[in-house]
Structures are given as C-alpha cells and as structure tokens.
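Notes follow the structure.
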Amino acid sequence: MMKIKTIALFMLATLATGLAAGQQQMPSFLKKGDKIAIISPGSTPKAPAVDKACEVIESWGYVPVRGSYLLEHHHDYAGTVQQRTTDLLWALRDPSIKAILCTRGGYGTSQLLYEIPLDTISKYKKWIIGYSDITALHSAMVRAGGMSIHGNMGGRLSDTGGTDEESVILRKLLAGELPHYSFPGHPYNVQGTASGIMLGGNMSVFCNIGGSGDYDFLDRDFVKGKDIILFMEDVSESFARVCSMLYQLKLKGVIDHVKGIILGRFTDYTKPSSDYNDMNDMLREYLDGYNIPICYDFPASHDEDWNYPLIEGCPVTLSVKDSGVILDFCTGQ
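If you want it as structure tokens, here you go:
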C-alpha cells in the first residue's frame, strides 16, 4: 500500500515570490480565486471532457479560463502551430493566469518550442501541468530556470471528477503542499540514498528533443555540475527503442550526472521473442553496474490510475531500502 502525505508551506513571502532551489525557481502557489488557463499544446481533446475539467477546477476554488484554440483540429493536432503557440504565449504572458493545465498530450507539443523564446518562458514562470507529450514544455520550463508538474491533465479530472488520489494530491500541490511518497519496494530495486534535481518524464519525448540546445533539460552543458534524479516512463515503445534511448543518454554524458533513477511504468508494449520477462527485466540488465539507487515501478506512467504528480526541476531525495522507497521534494537548497 502506498502511503502519501503532504508538507504544508506557510511562508507568505514564499507564496508571493516563489522558492529558489539552486538555479531553479518554484512558481508561486495558488490562492482561491486565481485563474488557471486550459490549453491544448498537442492533440485535440473532447469538448465534454474540457467542460467537466473546468467544473472540477471551479470546485477547487479556481477560475478556469479557456484558450481560444483548445478545441481546434488541424491534422493530428489541436490547431496549427501558430494557433497552439498563441494560446501558450497568452497563458504565459497574462498576469492574471497563475497556472496552466493542459487538456491532453498526444503529439505536437515540441513544435511550439521553436516558436517561443526561452527568455519569454523565463520571464513568466508558472506551473505547467501535464505529462506524455507535455514533457517538452517541462524541459523548456526547467531550462528557463523554473519548475513544472508532471501529472494528470484535464482528461483525468473529467473522468474522476477530481476525487481520485492523484488529483487530490495535485490540488494540494497547487495550494502549496508538497507530496511525500512512501511505498513498497520492487524485487529489482537497487538500494541507496541520493539527492538531486528531478528531471525526466516521457522518455521518447525528452530523447526526441535532445540536442535542441536551450530547450533540452538533459543537455550535457546544463547538467554539468548538477546531481540529477532521472525519472523515465513510456508507452507503446519496443524493447529495442527503449534500449537505444538508454544508450542515447549514455552517449550524451547524461548518465555521468545521474545519482538516482526512478523508473515509472512502461505500458502497452509488445514483448519480443527474447529471454526478457518484461520491460523491467531488460532495464535491469542495461542499468546494471551503475552503483546508484534505482527504483522500479514508481507509480507514475501513462496509466492514469497510477500517475502521481512529480515536480520537474525540484530538489528531491530518493531513498531506496529493503523496506521500501521514499521520495521527498525539498523547498530550497
């Protein structure tokens, strides 16, 4: 059974100005009546799901404000690159907007990075909430010196009415309570304790934008001198693809700075004709010998029933013991 508690932050100055954590700044937390932008940086959501998600946001005491193009259709995307960029820039620049909730992932979010100067993201640090394709925005926000939330989006709020455990943790996080996770171990876990900045998300997305310079949070120059806790998950990727992405990180020199690894669930893959029992079996072989704590089957993945919020760019401490795993988020240096 997973145990979760939250740590409240009571310093009003912190809530007003954000928290410095090394070079990363935690965005301000929300107050009742604050506005949350609802946008679609990737694929198009269903209109009823957006309506229901907005109702949940209102029940939390916030004001949902819809982007102009969140329900557009352009091939596989929620509008053209220009339309989706317009909504994102509006959400970042409007001073009344305090957080940005993505409706869904899908495809196309990385297209927006080319259109948005990094100094614009840096100037308007706000919570961006999403996972999967939204990993591209998390990467950009971290490179801009901020933090963001890897977690469920509008679709999940619509499906559950915001009453599921993951959504409750998200609500508390936006209000200023950082999660503390404690859960049983996995037979493949590698024991140890490590601290560092949490980076990662959807593996195929952050590998695809690797080499993009200013927008790549796993750029060799950016991670130099930093201790990293690397989080990875994916969906519908083959064993060979995941293996090649691991080697991409190794060739980039990223693994040299990784002090701990959190492996979420890898879902909806087809098992090849090999001796591996499952994806974790393959991962264990290729991660053998790094002598750092490694946590398998962390409850964050494309399975929305198993996708607890994580704070990208935030200092964390990962403790992997025989008795279980503990993940703590820190508020500062």
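Following the working numbering, the numbering of the sequence shown begins with 40 at its first residue and continues without gaps.
Here a beta-carbon is modelled for each residue, glycine too, at the ideal position from N, C-alpha and C.
As the structure is a prediction and not an experimental result, all values here were calculated from the model.
| Asked | Found |
| --- | --- |
| Nearest-angstrom Cα separation, counted from leucine 290 out to glutamate 216 | 37 Å |
| Cβ-based burial, arginine 304 [other Cβ within 10 Å; buried from 16] | buried |
| Residue environment, asparagine 316, which counts as buried when at least 16 other CB atoms sit within 10 Å | exposed |
| Own chain partners of tyrosine 7 with C-beta closer than 6 Å, once the 5 adjacent residues on each side are dropped | Here the chain comprises residues numbered 40 to 372, so residue 7 is not present and cannot be evaluated. |
| Through-space distance from phenylalanine 270 to glycine 240, alpha-carbon basis | 6 Å |
| Secondary structure, beta strand (DSSP E): runs of 3+ residues fully inside the segment 93-176 | 102-105, 136-141 and 166-169 |
| Distance between beta carbons of glycine 81 and arginine 143, contact taken as under 8 Å | 7 Å |
| Identity of the residues DSSP links to phenylalanine 222 by a beta bridge | Val364 |
| 6 Å CB neighbourhood of leucine 128 in its chain, flanking five on each side removed | none |
| Assigned secondary structure, aspartate 342 (DSSP; H/G/I helix, E/B strand, else coil) | coil |
| Span of the alpha helix (DSSP H) around lysine 291 | 278-291 |
| Residues bridged to glutamate 199 [DSSP beta-bridge criterion] | Looking at the sequence provided, one finds threonine at residue 199 rather than glutamate. According to DSSP, which records beta bridges pairwise, threonine 199 is partnered with nothing at all. |
| C-beta atoms of isoleucine 78 and glycine 106 nearer than 7 Å | yes |
| Contacting residues, own chain, Cβ-Cβ under 6 Å from isoleucine 136 (five flanking each side not counted) | Lys74, Ala76 and Ala130 |
| Cβ-based neighbour list, asparagine 319, same chain, cut-off 8 Å, excluding 5 preceding and 5 following | His225, Tyr227, Leu302, Phe305, Tyr335 and Asp336 |
| For serine 67, the three-state DSSP class (helix, strand or coil) | coil |
| CB of isoleucine 248 within 7 Å of CB of serine 149, strictly | yes |
| Reduced DSSP category for asparagine 319 - H, G, I as helix; E, B as strand; rest coil | helix |
| Contact check, proline 66 vs lysine 211, beta carbons under 7 Å | no |
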